[in-house]
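Reviewing the structure listed below.
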Amino acid sequence: MTAIYQSRELADRATEKLKVYAQPQRLMILSYLLQGESTVSDIDNATAIGQPALSQQLAELRRAKVVKTRREGKQIWYDLADDTARLCVKTMEALLKDEPDHDKLVQAATSSPPSSRKKDRPASAGAAGFAKIL
Numbered sequence: 005m006t007a008i009y010q011s012r013e014l015a016d017r018a019t020e021k022l023k024v025y026a027q028p029q030r031l032m033i034l035s036y037l038l039q040g041e042s043t044v045s046d047i048d049n050a051t052a053i054g055q056p057a058l059s060q061q062l063a064e065l066r067r068a069k070v071v072k073t074r075r076e077g078k079q080i081w082y083d084l085a086d087d088t089a090r091l092c093v094k095t096m097e098a099l100l101k102d103e104p105d106h107d108k109l110v111q112a113a114t115s116s117p118p119s120s121r122k123k124d125r126p127a128s129a130g131a132a133g134f135a136k137i138l
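Below, the structure is given as structure tokens:
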């Protein structure tokens, strides 16, 4: 594997990837999605980002292929796209603790993902909803 210092192209790709994570609202969304797939309403309730910022940030995360979507009726479910995205978010969370324990950092970053919250959802939770009219 080529080290970043050995390749300008690799350094450029790494920089573009890091830009996706270097936005507070996106990082909040990604951190929440570590718990499993969620709807826009779930993400909004947990993060209080609000519309239209939440939709804009989710669209950017989809474009960057960091999150994936799945449609179920009228509901769209969001989840981290893959283990690489999960590893990046877990690593950032572990690094940003007040006193990071490097052994726990490696363990947290490499542990298996939790099961999806979808099975905990009642069958009646099908309607989409995310715009708040004030």
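Going by my numbering, the residue at position 120 of the sequence shown is 124; the numbering climbs one at a time, nothing skipped. Even for Gly, the Cβ is constructed at its ideal location relative to N, Cα and C. It should be emphasised that the depicted structure is a prediction, and the values quoted were computed from it without experimental measurement.
**Asked** For E76, does the count of other Cβ atoms within 10 angstroms reach 16, so buried, or fall short, so exposed?
**Response** The residue in question, E76, is exposed, as its Cβ has fewer than 16 Cβ neighbours within 10 Å.
**Message:** Assuming Q29 and A57 are in contact, meaning their beta carbons sit under 8 Å apart, how far apart are those beta carbons, in whole angstroms?
**Reply:** 6 Å
**Item:** Q79, enclosing beta strand (DSSP E) - first and last residue
**Value:** 79-84
**Item:** Any beta strand (DSSP E) of 3 or more consecutive residues that is wholly inside the stretch 12-64
**Value:** none
**Prompt:** Is it right to say E13 is buried, meaning 16 or more other beta carbons lie within 10 angstroms of its own, or is it exposed?
**Reply:** exposed
**Request:** With a 10 Å radius around its C-beta and 16 neighbouring C-beta atoms as the bar for buried, classify L22 as buried or exposed.
**Result:** It counts as exposed.
**Request:** Using beta-carbon positions only, say whether R90 and L38 come within less than 8 Å of one another.
**Result:** The answer is yes: Cβ separation under 8 Å.
**Item:** Residue range of the beta strand (DSSP E) that includes E76
**Value:** 71-76
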